[in-house]
Amino acid sequence: MNYLLIALALLIGLAAAWWIRRSVLDALNQPKNDPSLALLQNQVNALTSQVAQSLDTTRKSMDERLDNAARVIHGVSQQLGQLGESSRRIFDLGKDIAALQAVLQAPKLRGNLSELFLNDLLSQILPADHYRMQYGFKDGEIVDAVVVLKSGMVPVDAKFPLENFRRIVDAKADDERNAAKKAFIKDVKKHIDDIASKYIRTDEGTFDFALMYIPAENVYYETIVKDEEFGGEMSLFTYALAKRVIPVSPNSFYAYLQTVLLGLKGMRVEESARDMLNSLASLQKEFERFDEAFRLVGQHLDNSLKKYTEAEKRFGKLESKMEQIDGVVKGLGEAGSIPPAAGEEKTET
């Protein structure tokens, strides 16, 4: 529509130019001093100016529209490039999903993937000294993991019954779905029986229950839900509890491990408090020994002080006697005669 208007404006401009040219030629054929020639010349000049302005405006408008069109084309090109990148990513994601589906189709690889998820979850929550991966029993049986607590170990085995679950999901008819459901129940019961018979070993330090880790929430839900279409048969979850096997999903197992972690923290606080009480008891005994030694030293010092005081008194008395004797000796010396000592004879001069 915009280009049509531009073309129409150009046609009008060309028609005006043709008319001006013809008017000029007609004017040239008239006498030079004709007043109408001057008037016509003025009109031609005015019309020429208007046509020039109109053409300039049209050119600017056309340039602006071309610039807008270029910007729009550039934006569309960028969006197409982003769309191409998104399509490439979706294609790559589809290839990754296809590769993951191929991995999940192999039971061995699926089991390894389940163990990897289990190890990752345990390592994120529990301290390294409170769980073991690939724990071996005395007869050579190996459970995927054990949670190590103070009073025992909790066996954890990863199971991923995916084939029959897929048949349930992909079933088109009720008969096909019921057959897949029965096969799924049979498969899960076998896993439960294996865990109960192989890994619950109280004589080797485990608790009298075990956990069956199912790494997919939808498969776990199919395990715990009761299907009334099977004649009131107990749910797989009830069957598992009767065997002392507890099915857990990533979410429920995470909650269980958080509870275990809180218990471990409580045990550490209890152990720290016990150590502190033992330290205080030892400190009290040391203080009692110090008090006894201090009192004994005090008694010795008290006795020493008494002996010192007694010796000081005796020394004072002795000093008094010595002073008396010294006075007597001085008095005799002044009198000119000193009595002989005992055993001596008096000599004549």
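Positions in the sequence shown are counted from 1; adding 228 to them yields our numbering.
The beta-carbon is built from N, C-alpha and C at its ideal position, and this holds for glycine as well.
Euclidean distance between Cα positions of residue 485 and residue 354: 7 Å
Can you name, in chain order, every residue of its own chain whose Cβ lies under 6 Å from the Cβ of residue 369, other than the five neighbours on each side? Excluding sequence positions up to five before and after residue 369, its CB lies within less than 6 Å of the CB of 426, all in the same chain and listed in chain order.
Residue 474 to residue 420, Cα distance in whole Å? 9 Å
Do you know offhand how far residue 240's Cα is from residue 280's? 12 Å
What is the DSSP secondary structure of residue 401, reduced to helix, strand or coil? coil
Boundaries of the beta strand (DSSP E) in which residue 470 is found, first to last residue: No beta strand (DSSP E) holds residue 470; the alpha helix (DSSP H) holding it covers 464-470.
Could you have a look at residue 474 and say whether DSSP puts it in helix, strand or coil? strand
Please give the ranges of any alpha helix (DSSP H) in the segment 271-298, keeping only runs that are unbroken, at least 4 residues long and fully inside the region. none
For residue 349 and residue 482, I'd like the C-alpha separation in whole angstroms. 7 Å
Chain-order list of residues whose beta-carbon lies under 7 Å from that of residue 393 (same chain, five-residue window excluded): 412, 447 and 450
My guess is that residue 440 and residue 452 are in contact by the Cβ rule of under 8 Å, so how many angstroms apart are they, rounded? Contact doesn't hold; Cβ gap of about 11 Å is too wide.
Can you give me the start and stop residues for the alpha helix (DSSP H) that residue 452 sits inside? 445-452
Using the DSSP secondary-structure output, state which residues sit across from residue 359 in a beta bridge. Beta-bridge pairing links residue 359 to 375.
With DSSP as the reference, identify every bridge partner of residue 384, one or two as the case may be. 373 and 439
Does the count of Cβ pairs from the segment 395-403 and the segment 426-436 closer than 8 Å reach three? no
By DSSP, does residue 642 sit in helix, in strand, or in coil? Coverage of the chain is limited to positions 229 through 577, which leaves residue 642 absent and any answer about it impossible.
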